[in-house]
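Just below is one structure, and these are the notes that go with it.
Numbering (mature numbering (1 follows the signal peptide of the UniProt record, and there is no 0)), first residue to last: -18 to -1, 1 to 302.
Encoded structure:
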């Protein structure tokens, strides 16, 4: 039977003519997760303080995308398809405190993109394609507390690149392509409390690597290629509470004596430990809280091969 006239008209009309995620007046938080969105929404009220445009088809932003939003404090642009950002994008929003660009396609950022971002506290650039760090990005970020650069393709950290970040508390450089760190890579980070270098290709570290960051409490170095660490490398870290060295190629390790207080939370599993007097001695002296003890095994000498390091250390008949 023939279709009714009204239904025929509905079928012929093009779908999706209405713009997805149209802004509403007097709304301070704008959220859009429309997969088909390809143009950044315009006409947002000047009172807007937070924008979330995530999981969309957005590939570009115009230089004036944030114009007329003087109260904007949070900008969440994760899981889009952004390949670049305009140099002046953030200049109209000097009150911005949070910027999340997780999971885009950014291989670089303009040198002066953060020139006006003096109040930025939280910057997330993880899961992009960044190949190098530009010192100019960080020149004006004196209030930055949290910097996440994980899961990019960074092969080096230029000396003193983070020098201006005197307020930084957390730095995530995990899952990049770092083979080594320059001695002054952490220069200026006196307030840093959390550092994640897991999942890189680090073979060793300079003796003074952590000297510029004496406030470190949480240090993650698991899943690297570490074969040897300088004897005094952890001496500056008097506040260290968590140290993860799992799944490297370490055979021995030295840690400085602990101040009175809670035991160090230590994971050294998945390394080929030489259970000699040196290792066993500092284990007794430092008395850390060992994690994953079943996977923390002696590789040598032959009489201890395959035995748990903790058990050998506690046995007391090692002849040391």
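Ideal placement from N, C-alpha and C gives every residue a C-beta, glycine not left out.
Proximity winner among the options, relative to residue i (alpha-carbon distances)
i	options	result
residue 88	43, 124 and 73	43
residue 128	85, 102 and 121	102
residue 256	280, 272 and 110	280
residue 130	121, 145, 109 and 143	109
residue 189	210, 174 and 95	210
residue 15	38, 21 and 22	38
residue 71	47, 27 and 56	47
residue 149	197, 136 and 36	197
residue 306	27, 11, 50 and 35	A question about residue 306 goes unanswered here, because the residues of the chain that appear run from -18 up to 302.
residue 157	63, 24, 112 and 21	112
Simplified DSSP assignment, three categories, for residue i
i	result
residue 271	strand
residue 205	coil
residue 260	helix
residue 34	strand
residue 266	helix
residue 176	strand
residue -10	For residue -10, the predicted model reports a pLDDT of 38, less than 50, meaning its position is unreliable and no value from the coordinates is stated.
residue 82	strand
residue 139	coil
residue 120	helix
residue 291	helix
residue 296	helix
residue 276	helix
Nonlocal neighbours in the same chain, by C-beta distance under 6 Å from residue i, ignoring five residues either side
i	result
residue 76	98
residue 85	60, 61 and 109
residue 106	82, 84 and 130
residue 212	189
residue 242	none
residue 104	80 and 128
residue 201	177 and 225
residue 312	The chain is shown only over -18 to 302; residue 312 falls outside these bounds and no answer can be derived.
residue 249	226, 228, 273 and 274
residue 41	63
Spatial neighbours of residue i in its chain, beta-carbon cut-off 8 Å, leaving aside the 5 residues before and after
i	result
residue 184	160, 161, 162, 163, 203, 206, 207 and 208
residue 267	239
Which residues DSSP lists as bridging residue i, in chain order
i	result
residue 249	226
residue 152	128 and 176
residue 282	256
residue 106	82 and 130
residue 306	Since the displayed the chain opens at -18 and closes at 302, residue 306 lies outside it and no answer follows.
residue 57	33 and 81
residue 14	35
residue 200	176 and 224
Chain-order list of residues whose beta-carbon lies under 7 Å from that of residue i (same chain, five-residue window excluded)
i	result
residue 94	69 and 118
residue 260	234
residue 238	216 and 217
residue 302	259, 262 and 263
| request: Could you say if the stretch 211 to 228 and the stretch 151 to 170 meet the contact criterion of at least three C-beta pairs nearer than 8 Å? | output: Flag = no, the stretch 211 to 228 and the stretch 151 to 170 do not touch.
| field | Inter-stretch contact at 8 Å, needing at least 3 Cβ pairs: the stretch 138 to 157 / the stretch 177 to 190 | value | With the cut-off at 8 Å, the stretch 138 to 157 and the stretch 177 to 190 touch.
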